[in-house]
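Q:
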Amino acid sequence: MNVDTAYVRPADMEDAISIKASLRAAGMYGCGLTAAQLGWGVKGPEQTIIDISGLDFGPDVCLADSGSMVLAANAPLERLRLNPLISGQMPTFADFLGYVGSTAMRNQASLGGNLLWGAGDLEVLFAVVDAKLRFAGNGRAQSLGQITSDRSDDLLVSIIVPALQESRIFVEKLGHRQAFSPARVVVAGCVGRQSVRLAVRLAGNPVVLVETSWPMNGPLDDALFTGDTDIHLKTVAHNLLRGHLAQLAQQDMA
Amino acid sequence: MRISFTLNGEPQNRQVNPFDKATSILAEQCGQESVKTSCAIGRCGACTILVDGKSANACLLIAAKMDGTDVVTAEGLGARADAIIDRLRQNGAIQCGYCAPGLLISLVALLERAPDGDKLERQELETVLAGNLCRCSGYTALRKAILALSS
Amino acid sequence: MNAVTGLEEKLRGTFRYLAEGQPEGTLHGALLTSPLAHATIRRLDVSAARSLNGVHAVVTAADVPSDFLMGTAILDRPPLARAKVRFQGEPIAAVAAETKAIADAALALIAFELEPLPIVSAPRDALDEGAAKLHDSGNLCSDFIYSRGDARADFEDCAHVIDHTLTTPRQVPAAMELEGGICIPSPTGIELRAATHSPFYTRSLIASMLGLPDKEVRVIGSPIGGSYGGKEEIHIQPVLALLAWTARRPVRLVLERSQSMAFATTRHPFEIALKIGCDRAGRLLALTADVLVDNGAYASFGPEVLDTGMECIQSAYAFKSVSLRGRLAYTNNGVGGAFRGFGALQTLTAIELAVDILARKASIDPLAFRRINLAGANDPGPLGQAIIPQPELSKVADALSALPVWRDETPSQRYLSGTGYALVRKGEGFAGGGPNGASGVLALTLDGQVTFQSSLVEMGQGLESTVRNILLASFDLGDADICCATGSSDAGADSGPTSASRGTQIALRLIRAGKMPFLEKLYVGAAEILQVPMDALRLGPGGFYQRMAPQNKPDLSLSDLAASAGEIVTRIDIPGIETTQAGVKVHTLFTACAARAGVRIDRWTGQVVCTGLDLLPACGPPISPLAFHGQMTGAGAQALGFCLTEHQPYEEGTVMARNFDSYFIPTIADVPDINVHPVTWLAPDDPVGIRGAGEIGLNAAAPAIANAVASALDAAPTHLPVRPEWVLGVLARQGRTP
Numbered sequence: 262m263n264v265d266t267a268y269v270r271p272a273d274m275e276d277a278i279s280i281k282a283s284l285r286a287a288g289m290y291g292c293g294l295t296a297a298q299l300g301w302g303v304k305g306p307e308q309t310i311i312d313i314s315g316l317d318f319g320p321d322v323c324l325a326d327s328g329s330m331v332l333a334a335n336a337p338l339e340r341l342r343l344n345p346l347i348s349g350q351m352p353t354f355a356d357f358l359g360y361v362g363s364t365a366m367r368n369q370a371s372l373g374g375n376l377l378w379g380a381g382d383l384e385v386l387f388a389v390v391d392a393k394l395r396f397a398g399n400g401r402a403q404s405l406g407q408i409t410s411d412r413s414d415d416l417l418v419s420i421i422v423p424a425l426q427e428s429r430i431f432v433e434k435l436g437h438r439q440a441f442s443p444a445r446v447v448v449a450g451c452v453g454r455q456s457v458r459l460a461v462r463l464a465g466n467p468v469v470l471v472e473t474s475w476p477m478n479g480p481l482d483d484a485l486f487t488g489d490t491d492i493h494l495k496t497v498a499h500n501l502l503r504g505h506l507a508q509l510a511q512q513d514m515a
Numbered sequence: 049m050r051i052s053f054t055l056n057g058e059p060q061n062r063q064v065n066p067f068d069k070a071t072s073i074l075a076e077q078c079g080q081e082s083v084k085t086s087c088a089i090g091r092c093g094a095c096t097i098l099v100d101g102k103s104a105n106a107c108l109l110i111a112a113k114m115d116g117t118d119v120v121t122a123e124g125l126g127a128r129a130d131a132i133i134d135r136l137r138q139n140g141a142i143q144c145g146y147c148a149p150g151l152l153i154s155l156v157a158l159l160e161r162a163p164d165g166d167k168l169e170r171q172e173l174e175t176v177l178a179g180n181l182c183r184c185s186g187y188t189a190l191r192k193a194i195l196a197l198s199s
Numbered sequence: 010m011n012a013v014t015g016l017e018e019k020l021r022g023t024f025r026y027l028a029e030g031q032p033e034g035t036l037h038g039a040l041l042t043s044p045l046a047h048a049t050i051r052r053l054d055v056s057a058a059r060s061l062n063g064v065h066a067v068v069t070a071a072d073v074p075s076d077f078l079m080g081t082a083i084l085d086r087p088p089l090a091r092a093k094v095r096f097q098g099e100p101i102a103a104v105a106a107e108t109k110a111i112a113d114a115a116l117a118l119i120a121f122e123l124e125p126l127p128i129v130s131a132p133r134d135a136l137d138e139g140a141a142k143l144h145d146s147g148n149l150c151s152d153f154i155y156s157r158g159d160a161r162a163d164f165e166d167c168a169h170v171i172d173h174t175l176t177t178p179r180q181v182p183a184a185m186e187l188e189g190g191i192c193i194p195s196p197t198g199i200e201l202r203a204a205t206h207s208p209f210y211t212r213s214l215i216a217s218m219l220g221l222p223d224k225e226v227r228v229i230g231s232p233i234g235g236s237y238g239g240k241e242e243i244h245i246q247p248v249l250a251l252l253a254w255t256a257r258r259p260v261r262l263v264l265e266r267s268q269s270m271a272f273a274t275t276r277h278p279f280e281i282a283l284k285i286g287c288d289r290a291g292r293l294l295a296l297t298a299d300v301l302v303d304n305g306a307y308a309s310f311g312p313e314v315l316d317t318g319m320e321c322i323q324s325a326y327a328f329k330s331v332s333l334r335g336r337l338a339y340t341n342n343g344v345g346g347a348f349r350g351f352g353a354l355q356t357l358t359a360i361e362l363a364v365d366i367l368a369r370k371a372s373i374d375p376l377a378f379r380r381i382n383l384a385g386a387n388d389p390g391p392l393g394q395a396i397i398p399q400p401e402l403s404k405v406a407d408a409l410s411a412l413p414v415w416r417d418e419t420p421s422q423r424y425l426s427g428t429g430y431a432l433v434r435k436g437e438g439f440a441g442g443g444p445n446g447a448s449g450v451l452a453l454t455l456d457g458q459v460t461f462q463s464s465l466v467e468m469g470q471g472l473e474s475t476v477r478n479i480l481l482a483s484f485d486l487g488d489a490d491i492c493c494a495t496g497s498s499d500a501g502a503d504s505g506p507t508s509a510s511r512g513t514q515i516a517l518r519l520i521r522a523g524k525m526p527f528l529e530k531l532y533v534g535a536a537e538i539l540q541v542p543m544d545a546l547r548l549g550p551g552g553f554y555q556r557m558a559p560q561n562k563p564d565l566s567l568s569d570l571a572a573s574a575g576e577i578v579t580r581i582d583i584p585g586i587e588t589t590q591a592g593v594k595v596h597t598l599f600t601a602c603a604a605r606a607g608v609r610i611d612r613w614t615g616q617v618v619c620t621g622l623d624l625l626p627a628c629g630p631p632i633s634p635l636a637f638h639g640q641m642t643g644a645g646a647q648a649l650g651f652c653l654t655e656h657q658p659y660e661e662g663t664v665m666a667r668n669f670d671s672y673f674i675p676t677i678a679d680v681p682d683i684n685v686h687p688v689t690w691l692a693p694d695d696p697v698g699i700r701g702a703g704e705i706g707l708n709a710a711a712p713a714i715a716n717a718v719a720s721a722l723d724a725a726p727t728h729l730p731v732r733p734e735w736v737l738g739v740l741a742r743q744g745r746t747p
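And the structure:
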């Protein structure tokens, strides 16, 4: 394989990993490249792009016996949005995908890219459902929150959404208009029988995840609303979480 | 690098920089003036093309990724677009027209995806077309034309 | 009938805009623009760039005659910065080279040194004594003063008085087609293909810059891929022409979006402080208005925008007394200019908000309040001028009251909803002094088509389809017999700018005026060829028929007539419909429109969504119904952007939104279905019989949306676009936070 060029399409997963190993920091995995290329400028990227969009990571979506859902990391977002397994198992996710970028972008952009590039909307939702990321050559799956540094050094292969059973999920984004907008705030929650996981991203800040007991008694954890941003966005996040949780609590009463 | 792809059914083989944008390859090298550059960062939809049957922003598609694909521009839609064009005409959905080729591509992709007899919901139409900005029309006639076409 | 010509070609991408299809060997043009908002140019050395291989022209202010400045009322703008830069993104130099890469390399070789000057960022500060001056004349670009009656005394008689201040956004026209074009030189002149609303004006401007006679400059100004006023301004044409004329080679120059977001003229931000009062019966007695406008760095259309805004600030109402002051201040915030709605949008939104606040205070229904105060059919215009009577105003009010009731939003914990109304009027065409008159040509061309030639331009509004409909209604001809030639200085007759909603009016009046003399020439020619008396002939589809011998084919086809008689040409000149008034610029022809808008407000996020919009334009019977509807719905969406999503912020002279990832024009998901209910009745003796559709929908829709927000929140917006922050703040103050 000739890796002199700044762009390379590996033949398979092993090939991809060996190219990355030989290039080390001079190479990076890329998939849809919709977000990444906006930072390149006219000269192109500084690293060699190892394009994994064409690799076979298995079906876009499959359901494991345990009820968990395994999603291929290089699946384009629009294909996931239209996937009947997702609209059946996790309609909140399918609907939310409609607010991530535009159709043309979603046809290119991948799930793995959105979760790893650091500002993706989906990270908030996947944090509350405790999705696990599985990297090539390493059987152990890691939670989103644990992937802190050098995220792009390993090859992300699949994302596992654990069985949600009776959990109820919500996710919402405030943008600058009704559709196709960068997020100002993204909040998500996953309410289980005895616990609730809540996550918030304020503007460009990292996602904050908090787990607490359900039904909740007491105010929302202030930790959710930290980060360098204006007070308004914190208020919005607070209102959204409180509003959704109140609706769910009402449902529980009924 | 050398890439080969089909453009509106015709085979193409071109020497490119892998990070050239499809907008410049298609518009400047292949004479596809339907591929309009307006924002150049994927935020307006004026350069929308079909890549292997799916809509894509040509301005966010690097040349290297065109290799081995089947590319269709508005110029190459032929009869696939006839019914949509008729409806858009009857409703007066297009004004200055600069967004029109990209919009037409998105509509063809959408309507070919929806299985026969499926009624296109308003929300789905809006979700799919939110990336095609039109500054002239206010979208009212467009929505009317397409919802009626699919019902 | 199509709304626009070329619809299928536009969709299939075979339609050619002016910057497309350049000839072989065309050079790539590129601009060097100022990174600073206000600075003295200490040094500008282009010698290295000029000597780069593949570079054919590098131009700077030194290549422009030193007294050449652009503008309308005030000439203050050089096409390339001269000695000073006054806004970020102002062109300093331009190059034409064989490739983009060479052009970029040449730009990088231009050595320049800018010495920063203090930045004037707020119009209020601009007018302070000690402010840095953008121009030698000072920072007050123009002002407006008008009063009628004794407002101070009348406020004493008011039972209710309110004041309200509104700040409006810097809205960017943001047409999908960028500013640009192609210029092709010949040994003696140039052909300039670049969007303009005024081919003849652009021609004489460019000719005078290059020192050429007018006839050596050919300007093709349309078709345009969207303008909304943005390309009414002179944009890159002078620089493009200079490059091509210098290089002696065709040049193509098109801005990038990030350049356009800084360079393109924008809607002027207005700060409008109003005080209005009414008596116990709800009759408006007095209005005072103090308006401060951020003009940006050059006058451009600023003075006209201010005048129009001030003229419209009384909306469609009869105030007993008014006291109006407006000031236009130079700042380093880009350049304000023409944009659909033209100053009236800003002031109409403010006054309609104020009227609703006052009506509520007086406990009178907002529609009833408007009716009480509607200007009378034969009242003079808002500044006391003679105007074409507007008996349609009361019809518009009737139609607004008669709209079917909204289906109310289901009340919920989360959402509030509101409905807002507006009833406005705005002058059509230009104020007294014009250019309001126009010329055009009716011709039977050698290919046998009855052609209306004008320099009006097609930008998607449907001018050509409208002209075709007028021709078909005026002459008993078939679709294949007529032609509409627009958009260039070839017409041989200057029709004036296609702006200020005047295009349709001008075309209609020109064809109406030319019809009889033109027909007479056709009949004379036909009678001579057929050797029959004129009254034995009838013009019909395809040509002339002898009355006595009816048949399917004409006895003399139009092409045979043209072949024998030669081209038959009638030049038409019409005067402007205008009056003048000492001291103020006034319009004579007014257009009325009402609107109703619905909004839903999210109490959790503060976000506002427009859920419905009705527009009731009183423009007479639409000539091209689809195009007419399109003008209204498009205007509605731009009004929505003005009220809810669009603003170009500047911070210390720095452009903050450089592309559509930070400037948000409405998507299909943002715009509700917009219903258009034309009020077709105009006075039977109305001298035109129609009104232009270009702007009026915008001017009514924006205040209706703003009033819907006010009604949902019980608080009138003070800044547009309405920010979710403000909404949540209001709800918190009202104790209505969730």
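Residue numbers (this note's numbering), protein chains in the order written: chain A, 262 to 515; chain B, 49 to 199; chain C, 10 to 747.
Built from N, CA and C at the ideal position, the CB exists for glycine as well.
1. Taking any Cβ of chain A, which residues in the segment 600-624 of chain C have a Cβ under 8 Å from it, in chain order?
2. Can you name the residues of chain C whose CB is closer than 8 Å to the CB of proline 149 (chain B)?
3. Are any of the Cβ atoms in chain B nearer than 8 Å to that of valine 739 (chain C)?
4. If you follow the alpha helix (DSSP H) that proline 345 (chain A) is in, where does it begin and where does it stop?
5. For leucine 501 (chain A), I'd like the list of residues in its chain whose CB is within less than 8 Å of its CB, leaving aside the five on either flank, ordered along the chain.
6. List, in chain order, every chain B residue whose beta-carbon is nearer than 8 Å to that of glutamine 511 (chain A).
7. Going by other Cβ atoms of all chains shown within 10 Å of its Cβ, with 16 needed for buried, is valine 389 (chain A) buried or exposed?
8. Could you tell me whether the Cβ atoms of glycine 305 (chain C) and glycine 345 (chain C) are closer together than 8 Å?
9. I want to know whether the segment 364-371 of chain A touches the segment 173-183 of chain B - three or more CB-CB distances under 8 Å.
10. Against chain C, with Cβ distances strictly below 8 Å, would glycine 57 (chain B) count as a contact?
11. Would you say methionine 468 (chain C) reaches chain B, if we count a Cβ-Cβ gap shorter than 8 Å as a contact?
12. By the criterion of Cβ-Cβ separation under 7 Å, what are the contact partners of arginine 161 (chain B) in chain C?
13. Among the candidates A:Gly328, A:Ser404, A:Leu417 and A:His493, whose CA atom is the shortest distance from the CA of alanine 336 (chain A)?
14. Using only CA atoms, which one of A:Ala277, A:Phe354, A:Ser283 and A:Ala286 lies nearest to aspartate 517 (chain A)?
15. Anyone know if the C-beta pair for glycine 585 (chain C) and serine 130 (chain C) falls short of 8 Å?
16. With a threshold of 8 Å on Cβ separation, who are the neighbours of threonine 727 (chain C) within its own chain once the five nearest residues in sequence on each side are excluded?
17. Short check: CB of isoleucine 110 (chain B) to CB of asparagine 668 (chain C), under 8 Å?
18. Among residues of its own chain, excluding the 5 on either side of aspartate 516 (chain A), which ones have a beta-carbon nearer than 6 Å to its beta-carbon?
19. So is lysine 594 (chain C) buried or exposed if we call it buried at 16+ other beta carbons inside 10 Å?
20. How would you list, in chain order, the residues of chain A whose beta-carbon sits under 8 Å from the beta-carbon of serine 104 (chain B)?
21. If you compare alpha carbons, which of C:Ser508, C:Ala12, C:Ala601 and C:Leu116 is closest to valine 314 (chain C)?
22. Per DSSP, what kind of secondary structure is leucine 337 (chain A) in: helix, strand or coil?
23. Excluding sequence positions up to five away, which residues of its chain have a Cβ less than 7 Å from the Cβ of alanine 4 (chain C)?
24. Counting Cβ pairs, one atom from each stretch, are 3 or more of them under 8 Å apart for the segment 702-717 of chain C and the segment 464-477 of chain A?
25. Chain A partners of isoleucine 110 (chain B), CB-CB under 7 Å?
26. Out of C:Cys150, C:Ile215 and C:Phe279, state which residue places its alpha-carbon closest to the alpha-carbon of proline 730 (chain C).
27. Look at alanine 516 (chain C) and serine 463 (chain C) and say whether their C-beta atoms are less than 8 Å apart.
A: Working from what's here:
1. Residues of the segment 600-624 of chain C with a C-beta atom less than 8 Å from some C-beta of chain A are Arg612, Trp613, Thr614, Gly615, Gln616 and Val618, listed in chain order.
2. Simply Lys19, Leu20, Arg21 and Gly22.
3. No, valine 739 (chain C) does not count as interfacial toward chain B.
4. Per DSSP, proline 345 (chain A) belongs to the alpha helix (DSSP H) from 345-350.
5. Within the same chain, leucine 501 (chain A) has close Cβ partners Glu433, Leu435, Val446 and Val448.
6. Among the residues of chain B, none has a CB under 8 Å from the CB of glutamine 511 (chain A); the nearest is roughly 25 Å distant.
7. Taking a 10 Å sphere around the C-beta of valine 389 (chain A), we find 16 or more other C-beta atoms and assign the residue as buried.
8. Closer than 8 Å, so yes.
9. With the cut-off at 8 Å, the segment 364-371 of chain A and the segment 173-183 of chain B touch.
10. Glycine 57 (chain B) does not count as touching chain C.
11. For methionine 468 (chain C), the answer is yes, since a Cβ of chain B falls inside 8 Å of its Cβ.
12. The contacting residues do not exist; arginine 161 (chain B) stays about 17 Å from chain C at best.
13. Relative to the Cα of alanine 336 (chain A), the nearest Cα in the group A:Gly328, A:Ser404, A:Leu417 and A:His493 belongs to A:Leu417.
14. Lying outside 262 to 515, the shown extent of chain A, residue 517 (chain A) is not represented and no answer is given.
15. At a Cβ-Cβ threshold of 8 Å, glycine 585 (chain C) and serine 130 (chain C) do not count as neighbours.
16. These residues qualify, in order along the chain: His173, Thr174, Leu175, Thr176 and Trp735.
17. No; because the gap between Cβ atoms is not below 8 Å, this pair is not in contact.
18. Because chain A here runs from 262 to 515, residue 516 (chain A) falls outside it and cannot be looked at.
19. A residue is called buried when at least 16 other Cβ atoms come within 10 angstroms of its Cβ; lysine 594 (chain C) meets this threshold and is buried.
20. Position check: residue 104 (chain B) holds alanine in this sequence, whereas serine was assumed. What alanine 104 (chain B) touches in chain A: Ala365, Asn368 and Gln369.
21. The closest CA to that of valine 314 (chain C), considering only C:Ser508, C:Ala12, C:Ala601 and C:Leu116, is found on C:Ser508.
22. The question names leucine, but residue 337 (chain A) is proline in the sequence shown. DSSP, read as helix, strand or coil, puts proline 337 (chain A) in strand.
23. In the structure as shown, chain C begins at 10 and stops at 747. Residue 4 (chain C) is therefore absent and cannot be evaluated.
24. Three or more beta-carbon pairs separated by less than 8 Å are not found between the segment 702-717 of chain C and the segment 464-477 of chain A, which leaves the two stretches without contact.
25. By Cβ distance, chain A contributes Leu294 and Gln298.
26. Nearest of C:Cys150, C:Ile215 and C:Phe279 to proline 730 (chain C), Cα basis: C:Phe279.
27. A Cβ-Cβ contact shorter than 8 Å links alanine 516 (chain C) with serine 463 (chain C).
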